[in-house]
Ligand code: NAD
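Numbering (the working numbering), first residue to last: 36 to 512.
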């Protein structure tokens, strides 16, 4: 099997081969990927540092052209990459293709942004002086990504980093090296100068840690768990570097008595269970008012019975496997915790056997949950949702906000008054009305509050806040 190598200073460098395993069929090896060492990470950082002065002053058309070519090639190969994504991560094929198209759209957006860099010129308060405010690249950006969006998250970090003139050391999650390698291959062939983009696949505790420990990494953008996010933050403060951490969620979907039942059920099914519930924006808490509670639970359970859990690549599969054994163990453990806490498991929660050996789990729905239970407080990151019954809108809002997280918050209602109040008072970075908590646009800011995010928002034009630094220049005339 071909070894997919790391890219360091423009050279593809082999390393210890790590097989990339298909979670729908553990007998299927997606490919072999080279594991970088801490020394490799050091070389990649040095290469990015050396490449920064020229790239940060490169022509805008050069940056635009590379990003545009990447967008075009990803889009042209969307079926192939969608398949690769589903095979390595376990999202269904339509979800995999959808995420691939999104990655292409992100590169297209930032290809355009490269031509729209602006600054401001203002008069000084002191006569005879001019003031200019411009944005400049930050330097070497370390990019550390999780496994659950193998192509979209790398795209939404790499594209703005390059667009604004930074150089990059990119460490993807080990479980999903395939899509990351493919993006880097495309950008390399699209004409990036050597050292501008470096790929170091490997362990977080080795390669990621080497990036955190290096004084030559000027900024780190991280998406992943809270525990790792805290390490990123602590190490970054130590080095006085810029950092951004996008972390977990425990997102509520509020369903009020006046909600359209079908809409509410579809929002819950999509938000809580699609992509196997492995989304930071997943609706893992369904906060339902008493008047609709029983009808909602009955309709949702009926809908869950008809969902097909099977091989991610099979036509007709609604929910693919869990990503790996350790995530499956975590999901099963939380299902036991929920039972032990007195919640009622009204559907699912069983391991499933399919034609091929994989990590299949029947989506699990708990009712009679309280906001104090661990299953309603801790991020499970699987197809497990808890229904919390509340008496009215005020209690629903209080329960929705009763969490240390604050990524996405949703409400299903036909009341303009409650929808408006919720948009204003939900303690979250993103609010959805009559829509699933997951599923966002690529051209507007993404991110959360409280324990979910730290630092400037990602995506859209707001990305410039992280990937550039502002300079104020005064000129005496
Ligand atoms: P993780 O924290 O285990 O790993 C994330 C990345 O950090 C991986 O590349 C990993 O190798 C690396 N890493 C691990 N230890 C490290 C260390 N010591 N130093 C540097 N890097 C290290 O997270 P995961 O399991 O891959 O992803 C799931 C988590 O990601 C969930 O908590 C989910 O909510 C979160 N997530 C958040 C968002 C968001 O935008 N808020 C989006 C997707 C996923």
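Beta carbons are placed, not taken as given, at the ideal position from N, Cα and C, and that holds for glycine.
Handout entry: Distance, residue 166 Cα to residue 510 Cα
Key = 6 Å
Practice task
Output the boundary residues of the alpha helix (DSSP H) element that contains residue 436.
Solution key: 428-436
Exercise for the section: Report back the beta-carbon spacing between residue 278 and residue 294 to the nearest angstrom; my notes put them in contact at under 8 Å. Expected result: About 39 Å; that fails the 8 Å criterion.
Problem - Cβ-Cβ distance between residue 136 and residue 222 below 8 Å - result: no
Problem - Given 8 Å, three or more beta-carbon pairs between the stretch 305-317 and the stretch 81-94 - result: no
Problem - Endpoints, alpha helix (DSSP H) assigned at residue 189 - result: 187-198
Exercise for the section: Mark residue 140 as exposed unless 16 or more other C-beta atoms lie within 10 angstroms of its C-beta, in which case mark it buried. Expected result: buried
Practice task
Evaluate residue 272 with the Cβ neighbour count: other Cβ atoms within 10 Å of its Cβ, from every protein chain shown; 16 or more gives buried, anything less gives exposed.
Solution key: exposed
Problem - CB-CB length for residue 246 against residue 76, believed under 8 Å - result: 6 Å
Exercise for the section: Would you mind reading off the limits of the alpha helix (DSSP H) that contains residue 299? Expected result: 296-303
Handout entry: residue 413 versus residue 79: straight-line alpha-carbon distance, rounded
Key = 36 Å
Exercise for the section: Using beta-carbon positions only, say whether residue 394 and residue 418 come within less than 8 Å of one another. Expected result: no
Problem - Beta-carbon proximity list for residue 37, same chain, < 8 Å, skipping 5 on both sides - result: 66, 67
Handout entry: Complete runs of the beta strand (DSSP E) confined to the stretch 438-472 [at least 3 residues]
Key = 443-447, 465-468
Practice task
Confirm the yes/no value for this check: CB of residue 276, any heavy atom of ligand 3, distance under 7 Å.
Solution key: The model on display carries ligand 1 but not ligand 3.
Practice task
Please confirm whether any heavy atom of ligand 1 lies closer than 7 Å to the CB of residue 182.
Solution key: yes
Handout entry: Cα-Cα separation between residue 130 and residue 390, rounded to whole angstroms
Key = 21 Å
Handout entry: Straight-line Cα distance separating residue 366 from residue 415
Key = 6 Å
Practice task
For residue 487, collect the residues of the same chain with a Cβ closer than 6 Å to its Cβ; drop the 5 residues on either side in sequence, then sort them by chain order.
Solution key: 282, 284, 440, 441, 442
Practice task
Report the partner residues of residue 390 according to the DSSP bridge assignment.
Solution key: Residue 390 is not bridged to any residue.
Exercise for the section: Please indicate yes or no: does the CB of residue 244 lie closer than 7 Å to some heavy atom of ligand 1? Expected result: yes
Exercise for the section: Could you tell me which of 332, 98, 287 sits nearest to residue 225, measuring between CA atoms? Expected result: 98
Practice task
Could you tell me whether the stretch 427-441 touches the stretch 459-471, where touching means 3 or more Cβ pairs closer than 8 Å?
Solution key: yes
Handout entry: the stretch 179-196 / the stretch 155-171 touching (three or more Cβ pairs under 8 Å)
Key = no
Problem - Presumed contact (8 Å Cβ cut-off) between residue 471 and residue 494, rounded CB distance - result: Contact flag wrong, Cβ pair sits at about 18 Å.
Handout entry: residue 449 classed as buried or exposed, judged by whether at least 16 other C-beta atoms fall within 10 angstroms
Key = exposed
Practice task
Check residue 238 in the structure and name its three-state DSSP category.
Solution key: coil
Problem - the stretch 294-306 in contact with the stretch 500-509 per 3-pair CB rule at 8 Å - result: no
Practice task
Tell me whether the beta-carbon of residue 219 lies closer than 8 Å to the beta-carbon of residue 197.
Solution key: no
Practice task
Taking residue 216 as the reference, give the member of 431, 425, 300, 40 with the closest Cα.
Solution key: 40
Exercise for the section: With distances taken Cα to Cα, identify the nearest neighbour of residue 453 among 96, 430, 498. Expected result: 430
Handout entry: contact_flag[the stretch 100-114, the stretch 247-258] where n(CB pairs < 8 Å) is 3 or more
Key = no
Handout entry: Residue burial classification, residue 162 (beta-carbon count within 10 angstroms, cutoff 16)
Key = exposed
Handout entry: heavy atom of ligand 1 below 7 Å from residue 266 C-beta
Key = yes
Problem - Close Cβ partners of residue 57 (< 6 Å) along its chain, the five nearest in sequence each way excluded - result: 63, 65, 122
Exercise for the section: Starting from the C-beta of residue 228, find all residues in its chain whose C-beta is less than 7 Å away, skip the five residues before and the five after it, and write them out in chain order. Expected result: 86, 89, 90
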